[in-house]
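For reference, each letter of the sequence shown is one residue, going 1 to 279 in the working numbering. Just so you know, even glycine gets a beta-carbon here, dropped at the ideal spot from N, CA and C. Below is one structure, written out as structure tokens, with a few remarks after it.
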Amino acid sequence: MSELITTGVDIGSGCIKTVVFKVNGDKVEWLGKETARIRNRDPFQLTNEAYDHMLKTAGVSRSDVSYVASTGDAENLSFATGHFYSMTTHGRGGLYLNPEARAVLDIGALNGRAIRMDGVGKVLSYKMTSQCASGSGQFLENIARYLGIAQDEIGTLSMKADDPEKVSSICAVLAETDVINMVSRGISASNILKGIHVSMAVRLAKLLKSIGAVDGIVQVTGGLALDAGLVAALNEAAEQEKVNLKAVSHPDSIYAGAIGAALWGAFRHEKLARLGQAA
Numbered sequence: 001m002s003e004l005i006t007t008g009v010d011i012g013s014g015c016i017k018t019v020v021f022k023v024n025g026d027k028v029e030w031l032g033k034e035t036a037r038i039r040n041r042d043p044f045q046l047t048n049e050a051y052d053h054m055l056k057t058a059g060v061s062r063s064d065v066s067y068v069a070s071t072g073d074a075e076n077l078s079f080a081t082g083h084f085y086s087m088t089t090h091g092r093g094g095l096y097l098n099p100e101a102r103a104v105l106d107i108g109a110l111n112g113r114a115i116r117m118d119g120v121g122k123v124l125s126y127k128m129t130s131q132c133a134s135g136s137g138q139f140l141e142n143i144a145r146y147l148g149i150a151q152d153e154i155g156t157l158s159m160k161a162d163d164p165e166k167v168s169s170i171c172a173v174l175a176e177t178d179v180i181n182m183v184s185r186g187i188s189a190s191n192i193l194k195g196i197h198v199s200m201a202v203r204l205a206k207l208l209k210s211i212g213a214v215d216g217i218v219q220v221t222g223g224l225a226l227d228a229g230l231v232a233a234l235n236e237a238a239e240q241e242k243v244n245l246k247a248v249s250h251p252d253s254i255y256a257g258a259i260g261a262a263l264w265g266a267f268r269h270e271k272l273a274r275l276g277q278a279a
């Protein structure tokens, strides 16, 4: 296998992630990464800007890239070479971040996805929550805004809870009403957040169990992967569900989809090159 440069572009509901790798056989070198919050901006224009900034920082030009792999909502990205489904890219990306992982829990802005894969990143089973569920990043962001706290405070505050107040509703709108009632009753922010984390974690643990992920390492990816309170609640929920799972995070968990896309892109490029040589 010859050395090649490959990139991954993951457009999510709230954030764009791009990565660039140098791949030579089993040797993989991460050259650069970039994130950009979409907010109300055009996601494809923003992707072009983030992509070019990442390449410039990494000292790579567009012409150096052998394969541009897209994933998520980037299917119509004009400069992409090929597109990969999110479950495939998060499975491979989670494995890159933690080679011991055999399951990935991707918790994004709108939903949660449980993915079980083998030791090379091939997806064995997959399932996701409904889009309206109160188990998403957007829901938690809305609650944090209502409580007047920053997103990076959520995990710390949750872990200080002494009497968590569970949110029973699976509907995000009704769950937000529950939280408003809790505030009016004088429930502390810590206990509200911990209660939300517990409710989310129980549903996500059951989601993992439903796809046959009942033991081993679960790599948490997506926007909520760095929420320490949620990861702690996931491990508590695993015990409650009587499964031998350990949820772990990684500083680069948000890039998992883009990482997996880039690595699958390198694989596809080499496969196509071999087929061309054989022809």
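Candidates the options: closest to residue i by CA position
{"i": "Gly-32", "options": "Met-87, Lys-22 and Asp-26", "result": "Lys-22"}
{"i": "Gly-108", "options": "Ala-262, Val-220 and Glu-239", "result": "Val-220"}
{"i": "Lys-209", "options": "Cys-15, Gly-186 and Ala-114", "result": "Ala-114"}
{"i": "Ile-211", "options": "Val-231, Gly-223 and Val-243", "result": "Val-243"}
{"i": "Asp-215", "options": "Arg-203, Leu-245, His-197 and Ala-262", "result": "Leu-245"}
{"i": "Phe-267", "options": "Ile-217, Val-19 and Tyr-67", "result": "Tyr-67"}
{"i": "Arg-203", "options": "Leu-234, Ser-61, Ser-125 and Val-183", "result": "Leu-234"}
{"i": "Leu-147", "options": "Met-159, His-250, Val-183 and Thr-177", "result": "Val-183"}
Beta-carbon spacing of residue i, residue j below 8 Å
{"i": "Leu-4", "j": "His-269", "result": "yes"}
{"i": "Glu-241", "j": "Lys-206", "result": "yes"}
{"i": "Met-117", "j": "Gly-155", "result": "no"}
{"i": "Ser-86", "j": "Gly-257", "result": "yes"}
{"i": "Gly-8", "j": "Gly-260", "result": "yes"}
{"i": "Gly-159", "j": "Ala-232", "result": "At residue 159 the sequence reads Met, which differs from the Gly that was named. Cβ atoms of Met-159 and Ala-232: closer than 8 Å."}
Rounded C-alpha distance that separates residue i from residue j
{"i": "Ala-279", "j": "Lys-122", "result": "Confidence in Ala-279 is poor, its pLDDT being 40 and thus under 50, which makes the residue's placement unreliable; the coordinate value appears in the next sentence. Cα to Cα, Ala-279 sits roughly 27 Å from Lys-122."}
{"i": "Ala-225", "j": "Gly-112", "result": "11 Å"}
{"i": "Ala-161", "j": "Phe-139", "result": "20 Å"}
{"i": "Ser-253", "j": "Ala-69", "result": "18 Å"}
{"i": "Thr-57", "j": "Ala-273", "result": "29 Å"}
{"i": "Gly-119", "j": "Arg-41", "result": "38 Å"}
{"i": "Glu-100", "j": "Leu-124", "result": "16 Å"}
Coarse secondary structure for residue i, derived from DSSP in three states
{"i": "Ser-253", "result": "helix"}
{"i": "Phe-21", "result": "strand"}
{"i": "Ala-247", "result": "strand"}
{"i": "Asp-178", "result": "helix"}
{"i": "Val-214", "result": "coil"}
{"i": "Gly-82", "result": "strand"}
{"i": "Val-167", "result": "coil"}
{"i": "Ile-154", "result": "helix"}
Any non-hydrogen atom of the ligand ATP closer than 7 Å to residue i Cβ
{"i": "Asp-118", "result": "Here there are no bound small molecules, and the ligand ATP is not part of this structure."}
Exercise. If you scan the region 91-142 from start to end, which runs of the beta strand (DSSP E) of 3 or more residues do you find wholly inside it?
Worked result: 101-107, 112-117 and 123-128
Exercise. Where in the region 9-80 do unbroken runs of the alpha helix (DSSP H), each at least 4 residues long, occur, reported from the N-terminal end onward?
Worked result: 43-58
Problem set entry | Ordered list of alpha helix (DSSP H) runs contained in the region 183-229, each at least 4 residues | 189-210
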